[in-house]
C-alpha cells in the first residue's frame with residue numbers, strides 16, 4: 133500500500149478526465165469548510181462516480197478491488213469487528229489468516245479506522261481491499277441486522293426480577309430502544325425481501341426469523357427479557373389490545389420504508405413461553421406481473437389466455453397458501469382490464485390497488501362475507517368478478533350461477549393439483565351438470581426458488597435425485613446450483629418463479645365432470661389433451677438453469693406425475 137510516486141486523488145481524477153478542474157476546486161473549498169475527506173465530498177456533491185474513485189485506489193495505490201456480491205462472507209469473521217466500528221468507518225472483515233485480518237473498506241487511506249480495527253480485534257496486521265459503499269453497507273446490515281441500541285436495554289431488563297418478565301414497558305425513555313428494535317426488524321425483513329417476520333419466544337430467548345423465498349431463515353436471537361416489550365410495541369402498531377395475552381389477535385399497520393408503503397398484517401398467538409407474533413409484509417407499490425412474466429410456458433400460457441378472454445365461465449387458481457395464487461389472479465385481471473369491462477373484486481385482504489377496478493375488502497365482523505358480497509356484486513352490473521377464495525358451498529354455488537348467467541368469474545381454491553379442484557366443488561354440493569357447463573379451466577401452481585444469478589454455477593445433481601425424478605430429468609445436462617454469496621444471503625437462491633399445470637376443460641372432461649369422475653380420471657384426460665404437470669414444468673425450469681434439481685424435489689410431489697404414465701411418452705406443449 134505504498135503511496136510513493138502516486139498522484140493525489142483529485143489530480144488523478146482530473147488527469148483521467150473523471151473530474152473537471154472547476155469541480156476539483158469546488159470540492160477542495162468544501163473540504164476546507166467541512167473537514168470531510170475529499171472522497172466523501174466528491175461523492176456528496178455528485179462530482180464523480182464512485183467507480184472512478186475505486187479505479188484510483190486499485191490502479192494508483194495497488195489496493196485490490198473486491199465485489200462483495202459474489203464473495204461468501206463468514207458470520208463469525210464479520211462479527212470480529214463490532215457493529216459500531218463497522219458502521220462508523222464503513223468496513224467489513226472478509227477473512228483471517230493467523231493474526232492477519234483482511235477487511236473491505238470504502239476509504240482504505242483512513243488510518244484511524246485501521247487503528248480502531250486493531251484495537252477492537254486484538255490482531256496485529258490488517259490488510260485492506262476496497263469495495264463499493266453500498267455493498268459494504270448491505271453486508272453490515274445482513275450480519276448485524278438487529279443489534280445497535282438494544283444492548284444496554286437488554287442488560288437493564290435482565291437485572292430486573294419478578295414482574296419484569298411479564299409487564300410491558302410503559303415509560304417513553306424505556307420504550308425508545310424497543311421501538312427502534314422493532315422498526316429495525318421490519319426494515320431488515322423488507323431489505324431481505326421477506327414475506328413474513330416471526331418473533332418466537334422459547335424458554336430462554338426471543339428468536340427472530342424471516343421467511344424469504346418461502347423458506348424460514350434465522351435473523352437474530354435476543355434475550356427473553358425484551359419479549360413482553362416487543363410484543364406490546366407490535367400490538368400498539370397494529371392497534372391491538374396490549375392487555376390481552378391469552379387469546380389470539382389479528383391487526384394491521386401501515387409503514388413507509390425507503391419511500392415505499394407496506395401493509396403489515398399482524399397475528400399474535402399464545403404459547404407456553406409467551407405470545408408468538410407473525411407479521412405478514414405486503415408491498416403496496418409492487419409492480420404487477422403480466423401473464424407472460426409469471427413463468428408459464430407457451431402452451432399453458434395460450435390455454436390460460438383463451439380462458440380469461442371468454443365472456444363467461446369460471447377459472448380457478450389452486451395451490452397451498454403462499455403459492456402465488458393472488459398474483460396470478462391479478463395478472464389475469466391486468467391482461468383483460470379495459471374501459472369496456474366492469475371488473476369488481478371481493479378480497480381478503482386487498483393486496484394490490486388496481487386502476488379503474490372496484491375492489492372490496494371482506495369484513496366478516498360486520499357481516500360482509502364472500503357469499504353476501506358476491507350476491508350484492510351481481511347487482512353492480514359486472515362483466516368480470518374476482519372472488520379472493522371459494523371457502524364454502526354457498527360461495528361456490530353463487531359463483532357457478534354467476535358464470536352461467538354471463539359473467540367471467542376468477543377465484544382460488546386450496547387443492548394440491550388442477551384436477552382435484554373439480555371433485556372439491558362437487559363435494560361442496562355443486563350439481564355436476566352445472567359445474568361441467570360453467571368451468572373453463574383450472575390452474576395449479578407452486579413457487580420454486582430461483583438460483584442466484586450472482587453465484588450460479590454448473591452442477592451435477594446426485595444420482596439418487598435424478599433417479600427419483602425419473603426419465604424426464606436425465607435428458608438435460610444444464611443443471612445449476614447457487615454457491616451462496618452476499619446477494620442471496622449465502623442460500624444460493626434469490627427470488628422465486630412459478631411452476632404451473634393448466635387444465636383446460638375439454639368436451640371429454642365436461643362429460644367426466646358430469647358423471648362425477650374421480651380426480652385421477654380427470655387428470656389422465658387432461659394429460660391426454662396435453663397438460664404439463666407441476667413436476668414436469670419444474671424440471672423444464674431446472675434444465676434451463678432457472679432453478680435447481682434439489683428445489684424441484686423440495687416443492688413438487690411424486691404423484692404430480694401419474695404412476696402409469698412415463699413423461700417421455702406424453703405430448704409436449706410449450
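Numbering (this note's numbering), first residue to last: 133 to 706. For every residue, glycine included, the Cβ atom is placed at its ideal position computed from N, Cα and C. Remember, it's a predicted structure, so these values are computed and weren't measured experimentally.
(Q) Classify residue 229: buried if its beta carbon has 16 or more other beta carbons within 10 angstroms, exposed otherwise. (A) Looking up residue 229 in the chain shown gives position 97. That one is exposed.
Q.
Could you compute how far the alpha carbon of residue 644 sits from the alpha carbon of residue 653?
A. As a position in the chain shown, residue 644 is number 512, starting the count at 1. As a position in the chain shown, residue 653 is number 521, starting the count at 1. Going from the Cα of residue 644 to the Cα of residue 653 covers about 8 Å.
Q.
Alpha carbons only, please: which of 493, 499, 470 is nearest the one belonging to residue 487?
A. For the purposes of this step, residue 487 is identified with residue 355 of the chain shown, where counting begins at 1. Minimum Cα distance to residue 487 is reached at 470.
Q.
I believe residue 197 touches residue 186 by the beta-carbon criterion, under 8 Å. Please report the beta-carbon distance rounded to the nearest angstrom.
A. Numbered from 1 along the chain shown, position 65 holds the residue referred to as residue 197. Numbered from 1 along the chain shown, position 54 holds the residue referred to as residue 186. Going by Cβ atoms, the distance from residue 197 to residue 186 rounds to 6 Å, so yes, they are a contact pair.
Q.
At the level of alpha carbons, what is the spacing between residue 190 and residue 263?
A. Indexing the chain shown from 1 puts residue 190 at position 58. Indexing the chain shown from 1 puts residue 263 at position 131. The straight-line gap from Cα to Cα measures roughly 10 Å.
Q) Going by C-alpha distance, which of 475, 527, 484, 566 is nearest residue 500? A) Mapped onto the chain shown, residue 500 falls at position 368. The residue with the shortest Cα to Cα distance from residue 500 is 527.
Q | the region 336 to 344 in contact with the region 427 to 435 per 3-pair CB rule at 8 Å | A | no
(Q) Nearest by alpha-carbon distance to residue 172: which of 209, 149, 222, 146 is it? (A) One-based indexing of the chain shown puts residue 172 at position 40. Residue 222 is the option with its Cα nearest to residue 172.
Q: Report the residue from 353, 557, 267, 611 whose alpha carbon sits nearest the alpha carbon of residue 568.
A: Locating residue 568 in the chain shown gives position 436, where the first residue counts as 1. Looking at the Cα atoms, 557 is the closest of the given residues.
Q. For residue 578 versus residue 463, is the C-beta distance shorter than 8 Å?
A. Walking along the chain shown from the start, residue 578 turns up at place 446. Walking along the chain shown from the start, residue 463 turns up at place 331. Taking 8 Å as the Cβ cut-off, residue 578 and residue 463 do not qualify as a contacting pair.
Q) So, residue 612 versus residue 677, is the Cβ gap smaller than 8 Å? A) If you number the chain shown from 1, residue 612 lands on position 480. If you number the chain shown from 1, residue 677 lands on position 545. Cβ distance < 8 Å, so residue 612 and residue 677 count as in contact.
Q. Whose CA, out of 552, 560, 566, 505, lies closest to the CA of residue 532?
A. Sequence index remark: in the chain shown, residue 532 carries index 400 (1-based). Checked all of 552, 560, 566, 505; the closest Cα to residue 532 is 566.
Q | In DSSP terms, what residue 642 is bridged to | A | Along the chain shown, one-based indexing puts residue 642 at 510. Answer is none; residue 642 lacks a bridge partner.
Q: Would you tell me roughly how many angstroms separate the C-alpha atoms of residue 619 and residue 224, rounded to the nearest one?
A: Locating residue 619 in the chain shown gives position 487, counting from the first residue. Locating residue 224 in the chain shown gives position 92, counting from the first residue. Taking the straight line from one Cα to the other gives about 15 Å.
**Q.** Straight-line Cα distance separating residue 675 from residue 686
**A.** Stepping through the chain shown from its first residue, residue 686 is reached at position 554. Stepping through the chain shown from its first residue, residue 675 is reached at position 543. Cα to Cα, the separation comes out at about 16 Å.
Q: Look at residue 551 and residue 545 and say whether their C-beta atoms are less than 8 Å apart.
A: As a working mapping, residue 551 is identified with position 419 in the chain shown. As a working mapping, residue 545 is identified with position 413 in the chain shown. No, they are not a contact pair.
Q.
If I follow the unbroken beta strand (DSSP E) through residue 653, where does it start and stop?
A. If you number the chain shown from 1, residue 653 lands on position 521. Unbroken run through residue 653 is the alpha helix (DSSP H), 651 to 660; no beta strand (DSSP E).
Q: Have a look at 525, 505, 159 and flag the residue whose alpha-carbon is nearest the alpha-carbon of residue 519.
A: Taking the first residue of the chain shown as 1, we reach residue 519 at position 387. Taking only the C-alpha atoms, the option nearest residue 519 is 505.
Q: Mark residue 475 as exposed unless 16 or more other C-beta atoms lie within 10 angstroms of its C-beta, in which case mark it buried.
A: Position 343 of the chain shown holds residue 475. The residue in question, residue 475, is buried, as its Cβ has 16 or more Cβ neighbours within 10 Å.
Q: Locate the alpha helix (DSSP H) running through residue 673, then write down its first and last residues.
A: For the purposes of this step, residue 673 is taken as residue 541 along the chain shown, with counting starting at 1. Note, residue 673: alpha helix (DSSP H), 666 to 675.
Q. What is the rounded straight-line gap between the Cα of residue 452 and the Cα of residue 401?
A. Within the chain shown, residue 452 is the residue found at index 320, counting from 1. Within the chain shown, residue 401 is the residue found at index 269, counting from 1. Each residue's alpha carbon lies about 22 Å from the other.
Q: For the beta strand (DSSP E) holding residue 252, just list the boundary residues, first then last.
A: Residue 252 sits at position 120 when you count from the first residue of the chain shown. Segment 243 to 253 is the alpha helix (DSSP H) holding residue 252; no beta strand (DSSP E) there.
Q) Just how far apart, CA to CA, sit residue 424 and residue 409? A) To locate residue 424, count along the chain shown from 1; it is residue 292. To locate residue 409, count along the chain shown from 1; it is residue 277. So the alpha carbons of these two residues sit roughly 37 Å apart.
Q | Assumed close pair residue 442, residue 572 - CB separation to whole angstroms, cut-off 8 Å | A | The sequence position of residue 442 within the chain shown is 310, counting from 1. The sequence position of residue 572 within the chain shown is 440, counting from 1. With 8 Å as the limit, residue 442 and residue 572 qualify as a contact, their Cβ atoms being about 6 Å apart.
Q. Is residue 494 near residue 480, with beta carbons less than 8 Å apart?
A. Stepping through the chain shown from its first residue, residue 494 is reached at position 362. Stepping through the chain shown from its first residue, residue 480 is reached at position 348. Contact flag set, yes.
Q: Return the first residue and the last residue of the beta strand (DSSP E) that residue 207 is part of.
A: As a position in the chain shown, residue 207 is number 75, starting the count at 1. Here residue 207 belongs to no beta strand (DSSP E); instead the alpha helix (DSSP H) covers 207 to 210.
(Q) Beta-carbon within less than 6 Å of residue 622's beta-carbon, same chain only, minus the 5 sequence neighbours each way: which residues are those? (A) By 1-based counting over the chain shown, the position of residue 622 is 490. 616.
Q | For residue 389, the nearest candidate out of 415, 529, 357, 354 (CA to CA) | A | The residue labelled residue 389 in the question sits at position 257 within the chain shown. Among 415, 529, 357, 354, the Cα nearest to that of residue 389 is on 415.
Q) Of all the options 267, 380, 679, which has the alpha carbon lying nearest to the alpha carbon of residue 625? A) The residue you call residue 625 lines up with position 493 of the chain shown. Out of 267, 380, 679, 679 has the C-alpha closest to the C-alpha of residue 625.
Q | Secondary structure of residue 460, DSSP reduced to three states | A | Locating residue 460 in the chain shown gives position 328, counting from the first residue. Residue 460 falls in the helix class under three-state DSSP.
Q. Terminal residues of the continuous beta strand (DSSP E) containing residue 588?
A. Locating residue 588 in the chain shown gives position 456, counting from the first residue. From DSSP, the beta strand (DSSP E) with residue 588 extends over 588 to 590.
Q. For the putative contact between residue 243 and residue 314, defined by C-beta atoms under 8 Å, what is the C-beta separation to the nearest angstrom?
A. The count along the chain shown starts at 1 and reaches residue 243 at position 111. The count along the chain shown starts at 1 and reaches residue 314 at position 182. That pair is no contact at about 38 Å.
Q) Cα separation between residue 239 and residue 587? A) Counted from its first residue, the chain shown places residue 239 at position 107. Counted from its first residue, the chain shown places residue 587 at position 455. Cα to Cα, the separation comes out at about 26 Å.
Q) Just how far apart, CA to CA, sit residue 354 and residue 379? A) Position 222 of the chain shown, counting from 1, holds the residue named residue 354. Position 247 of the chain shown, counting from 1, holds the residue named residue 379. So the two alpha carbons sit approximately 24 Å from each other.
Q) From which residue to which residue does the alpha helix (DSSP H) around residue 184 run? A) For the purposes of this step, residue 184 is identified with residue 52 of the chain shown, where counting begins at 1. First-last of the alpha helix (DSSP H) with residue 184: 182 to 193.
Q. DSSP three-state call for residue 269: helix, strand or coil?
A. The residue labelled residue 269 in the question sits at position 137 within the chain shown. If DSSP states are grouped into helix, strand and coil, residue 269 belongs with the helices.
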